[in-house]
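What follows is a set of notes on a single structure, which appears directly below.
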Amino acid sequence: MVELVWLIPALPLIGFVVLLLAGKLLGEPRAGWIATTAAGASFLVTLMVFVGLLGRDSHSGGRSYELILFDWLPSGSLQVEAGFLVDPLSVTMALFVTGVGALIHLYSVGYMHGDPKYSKFFLYLNLFLFSMLMLVFGNNLVVTFLGWEGVGACSYLLISFWHHRDSAATAGKKAFVTNRVGDWGFLVATFAIWSALGTVTYTEIASSPAMTAATGTAVSLLLFVAAAGKSAQLPLYVWLPDAMEGPTPVSAMVHAATMVTSGVYLLVRMNNVLTDDALIVIAVVGAATALFAALCAVAQHDIKKVLAYSTISQLGFMFLAIGSGAYVAAIFHVITHAFFKALLFLGSGSVIHGMGDEQDMRKMGALRLAMPITGATFIVGWLAIAGVPPFSGFWSKDEILLAAWEQENIGPLLWVIGLITALLTAYYMSRQVILVFFGDQRWDEDAHPHESSWTMTTPLCVLAGAAIVGGAINLPLVKDWLVLEHFLEPIFNDPHHFSSGTTTKVALAVISVCAALAGISLAVLSWLTRRISTDRLEPDFLENAMYVDSTYARVVDGIGTSSFQGAADIDERFVDGTVNTVGKLTMRLGQLIRPAQSGYIRNYAVGVALGALVIVAFLTWGLLL
Amino acid sequence: MEITTGWYLVLGALLFIIGGTGLLIRRNPLVMLMCVELMLNGVNLSFVAFSRTLNDIGGQTVVFFVLVVAAAEVVVGLGLVVAILRRQPGATADDLSLLKG
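Spelled out as structure tokens, the structure:
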């Protein structure tokens, strides 16, 4: 059944083409249902491929299947095929991309109700899903890059979906431009890998001999630049908070659950070329990002901004895991995060929808009574992300903290940063839940918050279920229960194993649970029972994200603009100058010989006569000689 | 006095020069076309004269070709002249200097 893999991206592509040709004609809600059907069918095919893969022998490369469609770029010694690679990693990614994606399509059917560009929204969503699946299933770096650019373009289109709003149009541009920096890293890394190994195909890269230390580290860091751009790590994270200008399902799917994890996917896919030096950089940047974004999330008032910074922070956790060598823990967290963050975003969308497009948490409160399903599912998501056992987030976060603890050089430091971040995560998420769903009612009576339609609550319930039990795919208690780890094992040349004893593991888990509970209690004391004054809990410094964004803006505006202007001047004077001088000289020469063309036939006739005379004279001279 | 080949050649040359001079100094397009005909016939005469002298039929064959080409040229030339004079009655060759650089 693995041969069906081509259908997985083909189905959303068909949906895209249908909507492109007849989207306006189909209108609401049929356009939405077609897109949802395409995404759902894609999920079903992924399940079939998954079952087919499970039926294969897990040893000696049995679970790696390549489907080559055609020769894409046959140019000399660079041969690029358009092909798909089915292995445990790509199937794991595809399962939650299509699964969560289908749920978000379903949710959008209700959420986008009444939007004038209804069919176009689903067209973009299907195109996004197609690109994401190309990224995941591509059997070489170039096909992945195609998907990589595709999701970038779709992200741009979807962030600025309501482009009549200035802020949305600007946010879309910002995301696109920031991502270009990452794309640069991807391209140069691809070039370097090809020149060092002579191949861009994943299976061949994995079996190639190691590159020299310097090349390997350079390639690893370039890949990390690519991943940092797409996955919003320091210092390239600035686009993600602004990306919340897009419709909420987009925030859930593109900017929380799927696209932003493609950086993690890329690094895990290339795990065989990452060097130890680069891993330390990745771990440090990941930990710094996690802490930084968690601090920023503490002081946000916009319901979606909190979740945006929380996403950056959780992505930091994933990179911390990769940097510690625990790739499985990173993928595990990608999956659980996809469940609970999609859930939280869709829940916040439901709240925004019910409140009539109000996003300020200061104008909410006590909404659990008006929106029982949204409230209950949001609370599940909160417990999951806060790391309360037995919800899914606890298991994956705990594994990352353990991996950080075991990191060889600066392990305990990374662990402490991770722990503080976990505490902050529990705190700001509790603050959000309290501000939105508990406490006093701070909205006007005429706001009339109401529960959303079934197309929106169904995905919430499904995702809540997944957020509760999602941790079961990799329980650390018994060795046989490490399902995900055993499943992913074939993709690593050198699988990572935890070395700590049971006592350490249990102690670390207990400490992280205590941190989560401490964060929750702190939030309850300050925001619910108001025992702690909240006056100084939202400093401007954190609300403005430590002024990083405005500093970037100032630098680009000041030094940036003047240096760009300088480059433009050089271009005008030297490059254009040379070209223009050549042009002017040619014109002068033309002016000189212009009178020869008088337009009078008699002058031309004289020319002909003189020419004939010259020929005659020449011939006569020849005869005389 | 015997009329030798030289006479014919001189006559041909004279016709050619009259035609050429006319072409250069006249401004009426119709007259200029006639001058071209004169030049062609001057050359034709020379061809026939040489053909007789050298006893070679080739010269006379060429004349036929020249006549055919001249006829075709006159068709095109007169067509152009008629078209031009319709647009600009009384136009001279100097008025038609649209290709001035």
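Sequences listed follow chains A and B, in order.
Residue numbering for the first sequence follows numbering that gives the first Met the number 0, starting at 0 and increasing by one per position.
Residue numbering for the second sequence follows numbering that gives the first Met the number 0, starting at 0 and increasing by one per position.
Just so it is clear, CB atoms sit at the ideal spot from N, CA and C, and this is done for glycine as well.
Given the structure is predicted, the values throughout are model-derived calculations rather than measurements.
- DSSP, reduced to helix, strand and coil, places S511/A within a helical segment of the structure shown.
- By DSSP's assignment, T200/A forms a beta bridge with N139/A.
- Leaving aside the five residues that flank V387/A on each side, the residues in its chain whose CB is nearer than 7 Å to its CB run, in chain order, F393 and A515.
- Per DSSP, reduced to three states, the secondary structure at W71/A is strand.
- Judged by DSSP in its simplified three-state form, G31/A adopts helix.
- The stretch 362–406 of chain A is shown to contain whole alpha helix (DSSP H) runs of 4 or more residues at 366–369, 371–385 and 391–405, in chain order.
- Secondary structure note for A81/A: its beta strand (DSSP E) is the uninterrupted segment L77 to V85.
- In this structure the stretch 247–267 of chain A lies against the stretch 214–232 of chain A, because at least three pairs of beta carbons, one per stretch, are closer than 8 Å.
- Taken in chain order, the members of the stretch 591–605 of chain A whose beta-carbon sits within less than 9 Å of a beta-carbon on chain B are I592, R593, P594, A595, Q596, S597, G598, Y599, I600, R601, A604 and V605.
- Within chain B, G19 and L23 have C-beta atoms less than 8 Å from the C-beta of A608/A, given in sequence order.
- Annotation: F69/A to A212/A spans about 35 Å, alpha carbon to alpha carbon.
- Burial of M354/A is indicated by the presence of at least 16 other C-beta atoms within 10 angstroms of its C-beta.
- Residue-level contact check: D55/B does not touch chain A, since none of the beta carbons of chain A fall below 8 Å from its beta carbon.
- For W238/A, the uninterrupted alpha helix (DSSP H) segment begins and ends at W238 to D241.
- At a C-beta separation below 8 Å, S96/B has these neighbours in chain A: S597, G598 and Y599.
- Among the residues facing chain A, G78/B is not included, as its CB has no counterpart in that chain under 8 Å away.
- By the C-beta density criterion, T580/A is exposed, having fewer than 16 other C-beta atoms within 10 angstroms.
- DSSP, reduced to helix, strand and coil, places Y64/A within a strand of the structure shown.
- Counting other Cβ atoms within 10 Å of its Cβ, S532/A stays below 16 and is therefore classed as exposed.
- When DSSP states are grouped into helix, strand and coil, D439/A belongs to the coil group.
- Cβ contact annotation for W453/A (same chain, cutoff 8 Å, sequence separation greater than five): G109, in chain order.
- The straight-line gap separating the alpha-carbon atoms of T214/A and A188/A is approximately 10 Å.
- For G100/B, at least one C-beta of chain A is nearer than 8 Å to its own C-beta.
- Using a CB distance cut-off of 8 Å, A48/B does not count as an interface residue toward chain A.
- Judged by beta-carbon spacing, S511/A lies within the 8 Å limit of L418/A, meaning their Cβ atoms are closer than that value.
- If you draw a 10 Å sphere on the C-beta of I321/A, you find 16 or more other C-beta atoms in it, and that means buried.
- With fewer than 16 other Cβ atoms from the protein chains shown falling within 10 Å of its own Cβ, R587/A counts as exposed.
- Around A92/B, the beta-carbon contacts reaching into chain A at under 8 Å are Y599, I600 and R601.
- For D301/A, the three-state secondary structure derived from DSSP is strand.
- Of the candidates E571/A, D114/A and L134/A, D114/A places its Cα closest to the Cα of P246/A.
- Taking the C-beta atoms as reference points, Y551/A is found nearer than 8 Å to V237/A.
- Restricted to the stretch 252–321 of chain A, the alpha helix (DSSP H) segments that are unbroken, complete and at least 4 residues in length are 261–268 and 275–297, listed in chain order.
- As DSSP reads the structure, D359/A sits in a beta bridge with D301/A.
- Under the 10 Å beta carbon count, W147/A is surrounded by 16 or more other beta carbons and is classified as buried.
- Distances from the alpha-carbon of P458/A to those of F491/A, A385/A and I372/A put I372/A closest.
- Nearest C-alpha to D439/A among A40/A, K362/A, T97/A and P240/A: K362/A.
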